[in-house]
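Chemist:
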Amino acid sequence: MPIHTESNNETGNCLRQAIARRPRFVVGGWMAGMGVFVLTFAFLAVRAPGFLTPVNLVRNLVMPAGIAGVVALGMTVVMAGGGIDLSVGSTAGLAALVAATLATRVDLGLPFMLFAAIIAGLLIGTVNGAFVAYLGVNPFVVTLSSVFLIRGLQFLVTLSAVSGTYLMLPVAMTRAGSSATFQIGLFLIIVVGLYIFLDRTRPGRYIRAVGESLEVARFSGIPVRFYTWLTYVICGGLVAVGGVMLTSYEGMARVGTGDGYLIDAFVLPILGQAVFRRVSVEGTVFGALFMYMVINGLFIFGTPPVYVNIIKGGLLLAVILVSGLQKLRES
Amino acid sequence: MTRTSALVQRYAILVVFAGLFAIFAVTVPAFLTLENVMNIVVQSSILGTVALGLNLVMMAGEIDISFSGSVPLLASVFAVLLQRGVSIGLAFVVICGIGVLIALFNALLVTQLRLNSFVATIAVMFLLTGIWYAFTGGTSIWVGDEFNRELVYGYLGPIPRIGLILLGVFIILYVLSEHTRFGMALRAVSTAPEAARAAGISVKRTKMYAFAGAGLIFALSSVLSIARLSGAMATAGADIMMPVMTIAFVGQSVLGMGRPNMPGVLIGALLLGMVNNAFVLMRLPFWSVPMAYGVILMLSIALANIGRREITQVRM
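In order, the protein sequence lines correspond to chains A and B. Residue numbers for the first sequence follow this note's numbering, so the first one is -19 and each next one is one higher. Residue numbers for the second sequence follow this note's numbering, so the first one is 7 and each next one is one higher.
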C-alpha cells in the first residue's frame, strides 16, 4: 500500500509549529515510559484493593500478559523484518485446537501437545512467508487469506459442525497448564531466547537489517527473501506456543479461540515501539505488562468486561497518535 | 512480461467466474433459476456496497478498515433510533452524519498525521467494535420486517430493490471515478502524488473526499444489512471484514487492471455471492465457504502479481 506524504501544507505547518513549541512529549524515550509504568503501578498499589497481592499479580496480571505477550512476540519478529501478519490470532487458535484435539485422544502430556502445536504453527508460517517473500505478494493480503483458510482448518481439525462447540482438556493437562510455573516459565524462556536471537545473533541482525531497509540489506549481500520468509516461520512457531498456553490456561478450546489476540498482537509491539523507539522484544514485553496492568486495575475498579476492547483500541489509537505527532515534529 | 501471462492476467478472473457459473449451472440443481440468480444478487448486495465504498478509498491510494467496526455500529444505532420512534428519514440522516464524522476522523489521521492508513483505521476499527459491543451488549436488535418486505422482497421487474441500490451505487461511483475530474484526481493522488500536486490538485482534500464518500456508503450499507436481516446482528462486524476485503482485492485483478476499479468490485461481489450460494445448495459444510474465499483471494492476488516479485514491506 503506497503511503504518500505532503509537505508545505498550511495546516500541517501550523500543527508542526504547535507541537514544536511544546516541551518534550511525555511518552517518548524509555525513561518516560518506565515513569508512566511505575506511577500507574504505584497508583494501583495504593488505590486498588487487592491489586498488590501475589495471587492477583501472578494470576490476573502476569499470566494473561504472558499469553498475549508470546502471541505479540511472534508479530514483533515479523514487524522487525518489515512485515505484518494478520493471521496470528487464527494460527494461535489452530495450534490450540491441534493440541486440544490430540490431548482428548491420546495421553502423551503437555510437551507432546506443545510439539504438535508448534509444527502446525511452523507450517502456517512457512506458507505465509513463502507467499510474501518468494512471490512478492502484499503481506496484508496473504495473511488475510490465511485467516480464512485457517478458520476452515480449525473446523476440520475439530470435525465439529458448530463454532460454539467446546473441546475440554483432560484434568491433568489443565492442572499443568494453569500452573504459574508453566505459564510464566515458558514466557520467560521465550522472552530471553528471542531477545538473544533478535539482537545478539547474526540471523537476528540480518532480520533487523531487512526491516530497516530492504535495498541496503540486499546490497550488503543479505539473502533478503530468506530472512523475510524466516520471520513468518518464527512467528508461526511462537504464536503456536501462545495458543497452547492459552488453551491449557482456559482448560478448553473452540473454533475461534485466539481470534481476539490479533488486537493484542497489534497493540503491544506498537506500544513498545513508542517507548523504545523501535520494534523490540523488550518493548513488546513492556507493552504486555503495562496493558494488562491497566486492564487489571480497571477490573478491580469495577469496569465491566465489555469495555476491554474499547480500552485496547483506545490505547492503540493513543499510541499511534503520539507517534504520529512525534514523527511530524521530527520532520 | 510475456504475451501469454499478460493474457492470463487480463481474463483469468472473468474466465474463472464464467467457468464456475457454468459448472454450478450444470451440476447444482436449482442453481440456474431466475429466483436463485436474484437470490445471489441479494446476497451480494450488502458486501458489494461496502466493498464499493472501500474501493473508493483504495483508489485514493489508502485503505479504510474501520468499516468492519462502523457498519455494525451504525446499523445498531439506526435500529435503536427506529425502536425509539424516530422516523426512518431522520435516523438515516443521523447515521450518515456519524458515518461521515468517523470517515473525517480517519482522513485526519491519514492526511494530517501521515499515519499508515491500514494501522490507523484498524485502530479505529478496534475502538468502534468496542463501542458497538458496549452499546449493544453483544445482542441483536430487531426492527420488524418493514424494510425487509420493502427492499429485499420488493421487486422492480425481476430485480429486487436491494440489488438496484447496489447497481445505483455502482453506476454513480463508476461515472465518478472514470469520467470526472474528481476520478482523475483520485487516480493521480494515488499513483503520482507529486505530479498531482504540480497540476494543482490538493492531495489531502482529494483523499478526504474519498474517505467521506466511503463513510456515506458504509452508512447506506448498514441500512441494507438491517433490511436483509430485519435487525442489527450481534456478529455483524467480524462477518463482513474478510469477505469485503476479498471482494476489493479480487476487484483489482479483474481485466488485469492491477489497480482498484469499480467494475472489478462488482464482479468480485457476484463471484463471492455465487460461490456462497452454490456451496449452500450443494450442502457443503459451511466452513468450506470461507476456505473457498481464501483460495479465491490468494489466486487473484497471485494473478495480479505475475511479473512483479519484489517484497512488499509495511512501515508502521
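Where a beta carbon is used, it is the ideal one built from N, C-alpha and C, also for glycine.
Please state whether DSSP places Phe5(A) in a helix, a strand or coil.
Modeler: Along the first sequence, read from residue 1 onward, the residue named residue 5(A) stands at position 25. Per-residue confidence for Phe5(A) stands at a pLDDT of 46, beneath the threshold of 50, marking its modelled position as unreliable; the derived number appears in the next sentence. It is coil, neither helix nor strand.
Chemist: Would you mind reading off the limits of the beta strand (DSSP E) that contains Tyr215(B)?
Modeler: Stepping through the second sequence from its first residue, residue 215(B) is reached at position 209. Careful: Tyr215(B) lies outside any beta strand (DSSP E), inside the alpha helix (DSSP H) at Val209 to Leu235.
Chemist: Within the same chain, show all residues whose beta-carbon is closer than 7 Å to that of Phe255(B), passing over the 5 residues directly before and after it, in chain order.
Modeler: As a working mapping, residue 255(B) is identified with position 249 in the second sequence. These residues qualify, in order along the chain: Leu303, Ser306 and Ile307.
Chemist: Just tell me which of Leu226(A), Thr123(A) and Gly101(A) has its CA closest to the CA of Val301(B).
Modeler: Position 295 of the second sequence, counting from 1, holds the residue named residue 301(B). Of the candidates Leu226(A), Thr123(A) and Gly101(A), the one whose C-alpha sits nearest the C-alpha of Val301(B) is Thr123(A).
Chemist: Quick one: grab the DSSP three-state call for Trp293(B).
Modeler: Stepping through the second sequence from its first residue, residue 293(B) is reached at position 287. Of the three classes helix, strand and coil, the one that applies to Trp293(B) here is coil, per DSSP.
Chemist: Let me know if Ile147(B) comes out buried or exposed under the rule of 16 or more other beta-carbons within 10 Å of its beta-carbon.
Modeler: For the purposes of this step, residue 147(B) is taken as residue 141 along the second sequence, with counting starting at 1. Classification for Ile147(B): buried.
Chemist: Please name the residue, chosen from Val175(B), Ser72(B), Phe292(B) and Ala225(B), that lies closest to Leu129(A) on a Cα-to-Cα basis.
Modeler: Taking the first sequence and counting its residues from 1, one reaches residue 129(A) at position 149. That would be Phe292(B), whose Cα lies nearest to the Cα of Leu129(A).
Chemist: Under 7 Å from any heavy atom of the ligand FMN, does the C-beta of Gly144(B) make it?
Modeler: What this structure holds is no ligand at all, so the ligand FMN is not there to describe.
Chemist: Below 8 Å on the Cβ atoms is my guess for Leu178(A) versus Val261(A); work out the distance and round it to an integer in Å.
Modeler: By one-based count along the first sequence, residue 178(A) stands at place 198. By one-based count along the first sequence, residue 261(A) stands at place 281. The pair is a contact, with the Cβ atoms about 6 Å apart (cut-off 8 Å).
Chemist: To the nearest angstrom, how far is it from the Cα of Thr106(A) to the Cα of Ala298(A)?
Modeler: Translated into positions along the first sequence, residue 106(A) becomes position 126. Translated into positions along the first sequence, residue 298(A) becomes position 318. Roughly 34 Å between the two C-alpha positions.
Chemist: Once the 5 residues before and after Ile207(B) are set aside, which same chain residues still bring their CB inside 7 Å of it?
Modeler: Sequence index remark: in the second sequence, residue 207(B) carries index 201 (1-based). If we look at Ile207(B) and ignore the five residues flanking it on each side, its Cβ neighbours are Ala191, Ala194 and Val195.
Chemist: For Pro285(A), tell me which candidate among Gly293(A), Ile275(A) and Gly294(A) has the shortest Cα-Cα distance.
Modeler: What you label residue 285(A) is simply residue 305 of the first sequence in a count that begins at 1. Of the candidates Gly293(A), Ile275(A) and Gly294(A), the one whose C-alpha sits nearest the C-alpha of Pro285(A) is Ile275(A).
Chemist: Compare the Cα-Cα distances from Asn122(B) to each of Leu210(A), Ala48(A) and Ile250(A) and report the closest residue.
Modeler: Taking the second sequence and counting its residues from 1, the one referred to as residue 122(B) is at position 116. Asn122(B) has its Cα closest to that of Ile250(A), out of Leu210(A), Ala48(A) and Ile250(A).
Chemist: Check whether the stretch 22 to 39 of chain A and the stretch 221 to 238 of chain A touch, using three or more Cβ-Cβ pairs below 8 Å as the test.
Modeler: No: the two stretches stay apart, fewer than three of their Cβ pairs being nearer than 8 Å.
Chemist: With DSSP run on the structure shown, which of helix, strand or coil describes Arg85(A)?
Modeler: Translated into the one-based positions of the first sequence, residue 85(A) becomes position 105. Arg85(A): helix per DSSP, three-state reduction.
Chemist: So Val50(A) packs on Phe167(A), CB below 8 Å; how close in whole Å?
Modeler: Position 70 of the first sequence holds residue 50(A). Position 187 of the first sequence holds residue 167(A). The pair is a contact, with the Cβ atoms about 6 Å apart (cut-off 8 Å).
Chemist: Taking Val92(B) as the query, report the chain A residues whose CB atoms sit under 9 Å from its CB, ordered along the chain.
Modeler: For the purposes of this step, residue 92(B) is taken as the residue at position 86 of the second sequence. Neighbours of Val92(B) on chain A: none; closest Cβ ~25 Å, over 9 Å.
Chemist: Does Asp87(A) pass the burial test, meaning 16 or more other C-beta atoms within 10 Å, or should it be called exposed?
Modeler: Residue 87(A) sits at position 107 when you count from the first residue of the first sequence. That one is exposed.
Chemist: What does Val204(A) touch in chain B if you count any residue whose Cβ is under 9 Å from its own?
Modeler: If you number the first sequence from 1, residue 204(A) lands on position 224. By Cβ distance, chain B contributes Ile317.
Chemist: Got a sec: is the Cβ-Cβ distance from Ile176(A) to anything in chain B below 8 Å?
Modeler: In the first sequence, counting from the first residue as 1, residue 176(A) sits at position 196. No, because no Cβ of chain B sits closer than 8 Å to the Cβ of Ile176(A).
Chemist: For Leu162(B), does the three-state DSSP call read helix, strand or coil?
Modeler: Taking the second sequence and counting its residues from 1, the one referred to as residue 162(B) is at position 156. If DSSP states are grouped into helix, strand and coil, Leu162(B) belongs with the strands.
Chemist: What separation, rounded to the nearest whole angstrom, lies between the Cα atoms of Leu134(B) and Ser11(B)?
Modeler: Sequence index remark: in the second sequence, residue 134(B) carries index 128 (1-based). Sequence index remark: in the second sequence, residue 11(B) carries index 5 (1-based). Their backbone Cα atoms lie some 43 Å apart in a straight line.
Chemist: Using the Cα positions of Leu305(A) and Ile137(B), report the straight-line distance between them to the nearest angstrom.
Modeler: Indexing the first sequence from 1 puts residue 305(A) at position 325. Indexing the second sequence from 1 puts residue 137(B) at position 131. Roughly 25 Å separates the two Cα atoms.
Chemist: Taking all protein chains shown into account, decide if Glu68(B) is buried (16 or more other Cβ within 10 angstroms of its Cβ) or exposed.
Modeler: As a first step, residue 68(B) is located in the second sequence; it is residue number 62 there, counting from the start. Flag for Glu68(B) reads buried.
Chemist: Identify each residue in the stretch 134 to 148 of chain B for which the Cβ-Cβ distance to at least one residue of chain A is less than 8 Å, and report them in chain order.
Modeler: Within the stretch 134 to 148 of chain B, the qualifying residues are Leu134, Thr135, Gly136, Ile137, Tyr139, Ala140, Gly143 and Gly144.
Chemist: Which partner residues of Arg234(A) appear in the DSSP bridge assignment?
Modeler: On the first sequence, position 254 is the one that residue 234(A) refers to. In DSSP, Arg234(A) forms a bridge with Tyr146(A).
Chemist: Can you name the residues that DSSP bridges to Trp3(B)?
Modeler: The question about residue 3(B) has no answer, for chain B in this structure spans 7 to 322.
Chemist: Does the beta carbon of Phe132(B) come closer than 8 Å to any beta carbon on chain E?
Modeler: Of the protein chains in this structure, namely A and B, none is chain E.
Chemist: Could you tell me how far apart the beta carbons of Thr81(A) and Leu174(A) are, in whole angstroms, since I believe they sit closer than 8 Å?
Modeler: Here residue 81(A) corresponds to residue number 101 of the first sequence, with the count starting at 1. Here residue 174(A) corresponds to residue number 194 of the first sequence, with the count starting at 1. That belief does not hold up - the Cβ atoms of Thr81(A) and Leu174(A) are roughly 28 Å apart, past 8 Å.
Chemist: Beta carbons nearer than 8 Å to chain A: which residues of the stretch 245 to 257 of chain B have them?
Modeler: Within the stretch 245 to 257 of chain B, the residues whose Cβ lies closer than 8 Å to some Cβ of chain A are Met248, Met251, Thr252 and Phe255, listed in chain order.
Chemist: My understanding is that Ala220(A) touches Thr71(A), with C-beta atoms under 8 Å, so please give their C-beta distance in whole angstroms.
Modeler: Residue mapping note: residue 220(A) aligns to position 240 of the first sequence, counting from 1. Residue mapping note: residue 71(A) aligns to position 91 of the first sequence, counting from 1. That pair is a contact at about 7 Å.
Chemist: Suppose you measure from the CA of Leu24(A) to the CA of Val18(A); what does that come to, to the nearest Å?
Modeler: Here the question's residue 24(A) lines up with position 44 in the first sequence. Here the question's residue 18(A) lines up with position 38 in the first sequence. Taking the straight line joining both Cα atoms gives about 10 Å.
Chemist: On a Cα-Cα basis, can you pick out the residue from Met131(B), Val250(B), Ala238(B) and Tyr161(B) that is closest to Gly144(B)?
Modeler: Counting from 1 along the second sequence, the entry for residue 144(B) is found at position 138. Comparing Cα positions, the closest option is Ala238(B).
Chemist: Tell me, please, whether the CB atom of Asn118(A) is closer than 8 Å to any CB atom in chain B?
Modeler: On the first sequence, position 138 is the one that residue 118(A) refers to. Taking Cβ atoms only, chain B reaches closer than 8 Å to Asn118(A), which makes this a yes.
Chemist: With the cut-off set at 8 Å, would you say Ile168(B) and Leu179(B) are in Cβ contact?
Modeler: The count along the second sequence starts at 1 and reaches residue 168(B) at position 162. The count along the second sequence starts at 1 and reaches residue 179(B) at position 173. Contact: no.
Chemist: Per DSSP, what kind of secondary structure is Leu103(A) in: helix, strand or coil?
Modeler: Translated into the one-based positions of the first sequence, residue 103(A) becomes position 123. Leu103(A) falls in the helix class under three-state DSSP.
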